[in-house]
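A quick write-up on the structure given underneath.
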Amino acid sequence: MPLRKLIAGNWKMHGLSSDLEQVAAIARAAADYPGVDVALCVPAILIERAARAVPGFAIGGQDVHQAEKGAHTGCTSALMLLDAGASLTIVGHSERRDAQRESDSDVKGKAEAALSVGLNVILCVGESLEVRQAGAAVGSVLDQLEASLPSTLAATAALAVAYEPIWAIGTGKIPTSDEIAEMHAAIRQKLRDRFAAAGEKIRILYGGSVKASNATEIFGIADVDGGLVGGASLTAADFMPIVAAAG
Ligand code: PEP
């Protein structure tokens with residue numbers, strides 16, 4: 113049976129107080145799609161206001177520190193995200209793996225820290241263009257996933273894996289449907305190997321240039337259980353047709 117789809121927006125470093133209107137508009141419109149889980153991962157500084165503005169709607173962070181607390185200037189702990197009203201967080205986004213030099217073991221620590229306080233986690237993996245062109249995409253993503261997954265998982269609904277080819281993020285390029293299907297099937301098998309039957313229930317999202325025009329086709333691919341959406345999640349006008357495509 114297909115898993116319930118999750119469509120999560122990643123606002124990255126976009127969003128001021130005035131954009132809370134869009135959060136409210138998206139939350140209102142999402143109520144028309146009770147069969148789809150919808151979430152917005154907003155900048156940390158907006159989480160509390162967004163969560164207060166749309167009670168019951170899933171607001172998330174975009175990163176979390178792996179330590180419980182301590183001397184980590186500028187960082188946000190899992191408990192801080194929860195305290196601010198977040199119910200989920202992204203970990204291991206390729207922009208952070210690259211610019212902040214986050215390793216797989218950092219990402220694993222972040223996932224475990226978030227899960228330990230009851231946050232849901234969207235764990236990102238994905239290959240570079242060079243790796244894809246060298247024919248090594250599947251092996252590379254599975255290695256990354258193996259080293260980034262939390263050691264244990266109490267609830268399958270708490271974890272989603274987002275396959276985001278780096279070369280597809282913000283570029284308007286997407287893999288072919290066959291390439292997405294091949295990668296998602298391989299990720300599904302890895303999740304089964306790691307978590308046995310529970311691995312069947314972990315959602316696998318596709319991310320990278322998802323738009324209204326390609327969402328229906330992407331969400332129709334086997335083992336695509338939703339999407340992680342960047343640029344097209346910033347306004348209700350762009351985001352809601354993508355949610356509708358999952359409904
Ligand atoms: C992302 O950064 O997670 C993403 C998928 O971005 P975009 O949809 O803009 O490609």
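Heads up, the sequence shown is in the numbering used here, so the first residue is 113 and it goes up one at a time.
Ideal Cβ positions, reconstructed from N, Cα and C, are used throughout, including at glycine.
Note that the coordinates shown come from a computational prediction; the quantities given were computed from them, not determined experimentally.
If you drop the 5 nearest sequence neighbours on each side, which residues of the same chain put their C-beta closer than 8 Å to that of residue 188? On the sequence shown, residue 188 is found 76 positions in, with the first residue counted as 1. Contacts found: 156, 173, 175, 176 and 177.
C-beta atoms of residue 129 and residue 161 nearer than 8 Å: In the sequence shown, the residue the question calls residue 129 occupies position 17. In the sequence shown, the residue the question calls residue 161 occupies position 49. In this structure, residue 161 lies closer than 8 Å to residue 129 by Cβ.
State the DSSP-derived secondary structure class of residue 116, mapped to helix, strand or coil. Within the sequence shown, residue 116 is the residue found at index 4, counting from 1. The answer is coil: DSSP assigns residue 116 none of H, G, I, E or B.
The ligand PEP heavy atom lying under 7 Å from the CB of residue 200: Stepping through the sequence shown from its first residue, residue 200 is reached at position 88. Not under cutoff, so the answer is no.
Ignoring anything shorter than 4 residues or poking outside the region 287-325, list the alpha helix (DSSP H) runs there in chain order. Complete alpha helix (DSSP H) runs here, min 4: 289-307.
If you follow the alpha helix (DSSP H) that residue 135 is in, where does it begin and where does it stop? The residue given as residue 135 occupies position 23 in the sequence shown. Element bounds for residue 135: 132-142.
So is the beta-carbon of residue 147 under 7 Å away from any non-hydrogen atom of the ligand NAP? Because the ligand NAP does not appear in the structure shown, any question about it cannot be addressed here, the ligands present being the ligand PEP.
Meets three-Cβ-pair contact criterion under 8 Å: the region 336-350 and the region 125-142: Contact between the region 336-350 and the region 125-142 is present: three or more C-beta pairs spanning the two stretches fall below 8 Å.
Spatial neighbours of residue 324 within its chain, please: C-beta separation below 8 Å, excluding the five flanking residues on both sides. Sequence index remark: in the sequence shown, residue 324 carries index 212 (1-based). Here residue 324 has 344, 350, 353, 354 and 357 as same chain residues with Cβ atoms under 8 Å from its own Cβ, once five neighbours each way along the sequence are excluded.
Nearest-angstrom Cα distance between residue 239 and residue 277? Taking the first residue of the sequence shown as 1, we reach residue 239 at position 127. Taking the first residue of the sequence shown as 1, we reach residue 277 at position 165. The straight-line gap from Cα to Cα measures roughly 5 Å.
Nonlocal neighbours in the same chain, by C-beta distance under 6 Å from residue 311, ignoring five residues either side: Indexing the sequence shown from 1 puts residue 311 at position 199. If we look at residue 311 and ignore the five residues flanking it on each side, its Cβ neighbours are 303 and 304.
Do residue 159 and residue 120 have their C-beta atoms within less than 8 Å of each other? On the sequence shown, position 47 is the one that residue 159 refers to. On the sequence shown, position 8 is the one that residue 120 refers to. No.
Is it right to say residue 181 is buried, meaning 16 or more other beta carbons lie within 10 angstroms of its own, or is it exposed? The residue you call residue 181 lines up with position 69 of the sequence shown. Exposed, by the Cβ-count rule.
Just checking residue 311 against the ligand PEP - is the residue's beta carbon closer than 7 Å to any of the ligand's heavy atoms? Walking along the sequence shown from the start, residue 311 turns up at place 199. No, Cβ of residue 311 sits at least 7 Å from all heavy atoms of the ligand PEP.
Mind checking who residue 340 pairs with in its DSSP beta bridge? As a working mapping, residue 340 is identified with position 228 in the sequence shown. Partner(s): 120 and 319.
Quick test of the definition: if touching needs 3 or more C-beta pairs under 8 Å, does the region 259-275 touch the region 229-248? Verdict: yes, contact present.
Check whether the Cβ of residue 273 lies closer than 7 Å to any heavy atom of the ligand PEP, and answer yes or no. Within the sequence shown, residue 273 is the residue found at index 161, counting from 1. Answer for residue 273: no, Cβ out of range of the ligand PEP.
In terms of DSSP beta bridges, what is residue 275 paired with? Residue mapping note: residue 275 aligns to position 163 of the sequence shown, counting from 1. In DSSP, residue 275 forms a bridge with 237 and 318.
Over the uninterrupted alpha helix (DSSP H) stretch that includes residue 147, give me the two end residues. Sequence index remark: in the sequence shown, residue 147 carries index 35 (1-based). Residue 147 -> no alpha helix (DSSP H), and no H or E assigned at all.
I need the straight-line Cα distance from residue 359 to residue 183, nearest angstrom please. Position 247 of the sequence shown holds residue 359. Position 71 of the sequence shown holds residue 183. About 44 Å.
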